[in-house]
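Peer 1:
In UniProt numbering, the protein residues as written are 1 to 329.
(1) What's the C-alpha gap between residue 174 and residue 237?
(2) With distances taken from CA atoms, which of 64, 17 and 23 is nearest residue 40?
(3) Could you spell out the range, first to last residue, of the alpha helix (DSSP H) harbouring residue 363?
(4) Using the rule of at least 16 other Cβ atoms within 10 Å of the residue's Cβ for burial, across every protein chain shown, is residue 80 buried or exposed?
(5) Look at the Cβ atom of residue 281, then the Cβ atom of residue 157, and state whether they are nearer than 8 Å.
(6) CB-CB under 7 Å to residue 288, same chain, minus the five flanking residues each way: which ones, in chain order?
(7) How big is the Cα-Cα spacing for residue 332 and residue 130?
(8) Leaving out five residues before and five after residue 198 in sequence, what residues of the same chain have Cβ atoms less than 7 Å from its Cβ?
(9) Check this for me: beta carbons of residue 122 and residue 105, under 8 Å apart or not?
(10) DSSP has residue 88 in a bridge; who is on the other side?
(11) Which stretch, first to last residue, makes up the alpha helix (DSSP H) that contains residue 291?
(12) Under DSSP, the alpha helix (DSSP H) around residue 217 begins and ends at which residues?
(13) Measure from the alpha carbon of residue 150 to the alpha carbon of each residue in 324, 26 and 315, then state which is nearest.
(14) Given a cut-off of 8 Å on the beta-carbon distance, is the pair residue 155 and residue 89 in contact?
(15) Quick check on the DSSP output: what are the complete beta strand (DSSP E) runs of length 3 or more inside the UniProt domain "Peptide chain release factor" (42 to 152), in order along the chain?
(16) Taking residue 279 as the reference, give the member of 124, 176, 17 and 103 with the closest Cα.
(17) When you compare each of 77, 223 and 134 to residue 332 by their alpha carbons, which one comes out closest?
(18) Ordered along the chain, which non-local residues of its own chain (more than five positions away) have a Cβ less than 6 Å from that of residue 66?
(19) Compute the Euclidean distance between the alpha carbons of residue 51 and residue 31, then round it to the nearest angstrom.
(20) Hey, quick one: how far does the beta strand (DSSP E) through residue 199 stretch, first residue to last?
(21) Can you give me the Cβ contacts of residue 92 inside the same chain, cut-off strictly under 8 Å, excluding the 5 residues immediately before and after it?
(22) In this structure, how does DSSP classify residue 229 when only helix, strand and coil are distinguished?
(23) Quick one: grab the DSSP three-state call for residue 285.
(24) In whole angstroms, what is the alpha-carbon distance linking residue 215 and residue 233?
(25) Do you know offhand how far residue 127's Cα is from residue 225's?
Below you can see the structure in the form of structure tokens.
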């Protein structure tokens with residue numbers, strides 16, 4: 001950082017300073033834990049009153065929780081874990097119910113982002129006809145965003161009494177979640193202009209109402225692969241195109257790496273988001289249960305999960321993935 005040319009590339013400099021701050025914060029957290037543990041140990045050797053012993057036990061339990069939280073950070077050691085994320089949700093089979101389910105998942109991830117102190121921004125949204133959302137894409141930034149969210153890639157299944165069915169029948173709905181790391185440099189990915197179709201259209205808000213009078217929204221279609229990316233929430237067509245192109249290049253880079261490595265999950269934690277890959281079920285009727293089919297972790301507190309309480313699902317997934325890797329090495 002003391003090099004004269006360090007700040008020449010402001011984006012790279014900002015990235016390095018953020019990484020340095022994160023490392024310093026982790027180091028200080030361990031140092032503080034060590035200091036407090038030593039103080040508790042010293043107190044325990046001289047404690048002779050029951051009240052003091054009880055206070056030491058309470059403090060020790062608090063330090064144990066802090067230790068487990070810090071220990072868990074060790075799991076975020078993969079190449080892309082520290083990156084921001086691009087999260088997309090697509091309604092599957094189930095009609096209006098599936099589109100409503102997609103909107104419920106959107107709220108769940110927005111609440112999770114809020115709880116983690118992240119910044120979430122909708123960059124593309126296609127509203128449903130009667131209710132809900134057909135598809136939506138979020139840009140989420142903060143600490144270890146991709147590390148936390150990568151386990152969400154896959155199909156999410158909802159079972160409930162449909163609020164859109166006059167006969168109050170039980171319906172099953174599906175939505176596909178795709179999570180990508182937001183890469184800083186995708187300039188190495190070159191796209192032949194002949195392979196790219198660019199569509200422009202009016203940006204739309206809730207209920208499909210136009211929010212702009214110009215065709216500022218952009219849809220990019222990579223013809224050889226069929227990959228489609230849209231962006232409509234920026235003010236200008238140029239900005240929307242830049243964001244859409246960056247996401248498209250990220251998807252193409254992911255595709256290249258999966259082909260090159262001959263393995264699924266280098267960027268998606270061993271899980272490729274595809275319609276055949278059902279990762280989690282959310283049952284609201286006739287009983288309440290959210291179950292992850294990969295880890296077998298489950299909870300009956302469906303309201304909390306849908307309100308963004310996802311940490312335990314991610315933690316269990318990362319622990320099991322790490323154990324599998326260690327057992328193979």
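Glycine included, C-beta positions come from ideal geometry on N, C-alpha and C.
Peer 2: Reading it off the structure:
(1) One C-alpha to the other measures close to 32 Å.
(2) Cα-wise, what sits closest to residue 40 is 64.
(3) In the structure as shown, the chain starts at 1 and stops at 329, and residue 363 therefore has no counterpart that could be examined.
(4) Answer is buried; the Cβ neighbour count reaches 16.
(5) Here residue 281 is near residue 157, since their CB atoms are less than 8 Å apart.
(6) Cβ neighbours of residue 288 within its own chain (closer than 7 Å, five residues either side excluded): 300 and 302.
(7) It is not possible to answer for residue 332, since the shown part of the chain is limited to 1 through 329.
(8) For residue 198, where only same-chain residues beyond five positions count, the Cβ hits under 7 Å are 218 and 220.
(9) Their beta carbons are not under 8 Å apart, which means residue 122 does not touch residue 105 by this criterion.
(10) Looking at the DSSP assignment, residue 88 forms a beta bridge with 137 and 178.
(11) Per DSSP, residue 291 belongs to no alpha helix (DSSP H); it is in the beta strand (DSSP E), 289 to 292.
(12) For residue 217, there is no enclosing alpha helix (DSSP H); the enclosing beta strand (DSSP E) has its first and last residue at 217 to 222.
(13) Nearest to residue 150 by alpha-carbon distance, out of 324, 26 and 315, is 315.
(14) Inclusion of residue 155 and residue 89 in the CB contact set at 8 Å is not warranted, their separation being larger than that value.
(15) Taking only runs of at least 3 residues, the beta strand (DSSP E) segments lying wholly in the UniProt domain "Peptide chain release factor" (42 to 152) are 85 to 91, 119 to 127 and 133 to 141.
(16) Sorting 124, 176, 17 and 103 by C-alpha distance to the C-alpha of residue 279 places 176 at the top.
(17) As shown, the chain starts at 1 and ends at 329. That puts residue 332 outside it, with no answer to give.
(18) Only 33 meet the Cβ criterion.
(19) Pairing residue 51 with residue 31, the inter-Cα distance amounts to about 28 Å.
(20) Residue range 196 to 201 is occupied by the beta strand (DSSP E) that includes residue 199.
(21) 98, 155, 173, 174, 175, 176 and 275.
(22) The answer is strand: DSSP assigns residue 229 an E or B state.
(23) Three-state DSSP puts residue 285 in coil, outside helix and strand.
(24) Residue 215 and residue 233: Cα-Cα distance of roughly 12 Å.
(25) Going by the C-alpha atoms only, they are around 25 Å apart.
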